[in-house]
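Under the working numbering, residue 377 is the last one in the sequence shown; the count climbs by one each step, no gaps.
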Amino acid sequence: MSQIQIAERYAKSLIELAQEQNKLAQVSEDVLSLEAVCNHKEFAAMLQSPVINSDKKSAIFKQLFTDNMDTLSYQFIQLLLLKGRESLLPSICSAFIQQYRTIRKIRIARVLSATVLNEAELVNIKNRFSAWLKPGETMELHQKLEPTLIGGFIFEMGDQNCNASIKRQLEEMKESLYDKSYISLVEKR
Numbered sequence: 189m190s191q192i193q194i195a196e197r198y199a200k201s202l203i204e205l206a207q208e209q210n211k212l213a214q215v216s217e218d219v220l221s222l223e224a225v226c227n228h229k230e231f232a233a234m235l236q237s238p239v240i241n242s243d244k245k246s247a248i249f250k251q252l253f254t255d256n257m258d259t260l261s262y263q264f265i266q267l268l269l270l271k272g273r274e275s276l277l278p279s280i281c282s283a284f285i286q287q288y289r290t291i292r293k294i295r296i297a298r299v300l301s302a303t304v305l306n307e308a309e310l311v312n313i314k315n316r317f318s319a320w321l322k323p324g325e326t327m328e329l330h331q332k333l334e335p336t337l338i339g340g341f342i343f344e345m346g347d348q349n350c351n352a353s354i355k356r357q358l359e360e361m362k363e364s365l366y367d368k369s370y371i372s373l374v375e376k377r
């Protein structure tokens, strides 16, 4: 069985257990926090290291997470340590988040802009494109800076997108000018 399949099974088990205990929202917050910690280079190296034994890893997890996590989340981490699967933690977190979003019907949307958009602008964009959602779905909007856009934004959700950037408008103008000048040159001959 591949590492991805194993991670998906662990994630599914955690989701099912969290649902049984009515703790899915809290556990999902814990997993998001855990994923952020797993993205730190030193922490990821510690997870992969065969030199650091499971007792030391357990002590590190206890120090970092005992007071900051739901009991279920912490016990799940302890289970991974006991089974020697701590190296899969980043993959398990990713699989959990993906499965959680599917269950909650959360669609990921991304807005690229030349400058940081304020909260009101993000809400406006979110409201404008909420029509793209199916009934019961919600949108999780992520912002990314793309200075080459000059101004405006690009909105992407799944395979749908809307390019309202100044860069695109300038490119269209440029193409339009080239097309018209070519046609006028041909007509003069």
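Where a beta carbon is used, it is the ideal one built from N, C-alpha and C, also for glycine.
Rounded to the nearest whole angstrom, the CA to CA distance from Leu-333 to Ser-279 is 26 Å.
Glu-196 places its beta carbon 8 Å or farther from that of Ala-319. In the three-state DSSP reduction, Ser-190 falls in the coil class, being neither helix nor strand. DSSP lists no bridge partner for Lys-250.
The shortest CA-to-CA distance from Lys-314 to any of Gly-324, Val-225 and Phe-343 is the one to Phe-343. Ile-285 places its beta carbon less than 8 Å from that of Leu-220. In this structure, Ser-216 lies near Tyr-288, with their beta-carbon atoms less than 8 Å apart. The three-state reading of DSSP puts Leu-276 in helix, counting H, G and I together.
In the DSSP assignment, Glu-217 falls within the alpha helix (DSSP H) that extends over 212 to 226. Assignment of alpha helix (DSSP H) within the region 250 to 337, counting only whole runs of 4 or more residues, yields 259 to 271, 277 to 291 and 307 to 316 in chain order.
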